[in-house]
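If you're matching positions, the sequence shown starts at 213 in our numbering and goes up one per residue. Here's the structure we're looking at; comments come further down.
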Amino acid sequence: MPESAEEVYARVVATVGEGGRLPMPQVETWDVFPWEVVDGALVPRVLRPPEEQEPARVGAGGRDCFNCAGDGSAIRVWENDRWKVTHPAKPGGLPLVLWLASKEHLDFPDMDDALAAEYGRISTRLCRIVERLPHIGRVHVCRWGDGSEHLHVWFIARTARLTQIMGSMAVEWEQMLPPVPEEVWRADIRTVAAKLANHDGWALV
Ligand SMILES: [Zn+2]
């Protein structure tokens with residue numbers, strides 16, 4: 213079962229002490245980080261002029277696609293004939309991060325009506341299953357698609373009642389919070405895979 217807010221908080225206090233700050237991620241080095249510190253104040257970055265074209269995405273056109281190749285960065289926990297659910301190699305700071313991806317190399321808008329309907333059913337079930345785990349406040353369902361072309365959707369669970377860890381900023385906390393204990397994380401992944409397989413497909417863990 214996922215940790216309660218009190219358990220997460222206790223782990224943070226054990227890591228940095230009461231009132232302590234978690235280590236700063238290197239956000240200021242990120243090209244997409246929208247703010248910077250100037251004269252001691254946090255201010256918006258100056259918007260650069262447009263590029264000539266969009267940057268190439270990883271796996272563009274199905275070439276050198278790590279998602280098709282299975283490079284170990286996404287580990288399969290459930291599948292049916294057309295879809296797979298994977299998790300990162302290691303736990304992060306939030307209770308669960310899972311990806312739902314097509315087996316075929318497609319971009320999100322490439323789904324035909326049948327595949328889109330199946331995507332809708334599986335994504336709803338996956339969101340429902342994870343949100344009904346104890347101590348989960350919400351599952352954010354996100355398709356960014358700016359990094360890798362291969363159709364993949366993020367399912368990002370946040371802990372209930374930690375009210376700073378809300379909305380899109382939950383993704384930034386994921387990188388700051390100390391990682392969830394591996395045995396808790398793996399047990400929750402097994403639970404989700406088994407519950408998904410009650411509807412369709414096969415649990416692989
Ligand atoms: Zn691919």
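Glycine included, each C-beta is placed from N, C-alpha and C at the ideal position. Only a predicted model underlies this, so the values are computations on that prediction, with no experimental measurement involved.
Judged by the Cβ position, Gly271 qualifies as a neighbour of ligand 1 at the 7 Å threshold, a heavy atom of the ligand being closer than this.
In the three-state reduction of the DSSP assignment, Cys354 falls in the strand class. For His364, the shortest C-beta to heavy atom distance toward ligand 1 is 7 Å or greater. Segment contact: the region 245-255 against the region 372-381, fewer than three CB-CB distances shorter than 8 Å; contact not assigned. Shown here, Trp295 sits in a strand according to DSSP, grouped into three states. Bounds of the alpha helix (DSSP H) holding Phe278 are 278-281. Of the candidates Ala286, Thr227, Gly271, Ala286 places its Cα closest to the Cα of Val297.
Trp290 counts as buried, since at least 16 other C-beta atoms from the protein chains shown sit within 10 angstroms of its C-beta. In the structure shown, the three-state DSSP call for Leu327 is helix. Pairing Leu312 with Pro214 gives a Cβ-Cβ distance that is not under 8 Å. Only exposed fits Thr241, as fewer than 16 other CB atoms lie within 10 angstroms of its CB. The DSSP-derived three-state label of Phe367 is strand. By the CB criterion at 8 Å, Arg269 and Gly359 fall inside the cutoff.
Only residues of its own chain outside the window of five on either side were considered, and among them Pro246, Trp247, Glu248 have a CB closer than 7 Å to the CB of Arg257, listed in chain order. The DSSP-derived three-state label of Gly349 is strand.
Counted as a single uninterrupted DSSP element, the stretch harbouring Glu263 is not any beta strand (DSSP E), since DSSP gives it neither H nor E.
If you check the C-beta of Asn292 against ligand 1, you find no heavy atom less than 7 Å away.
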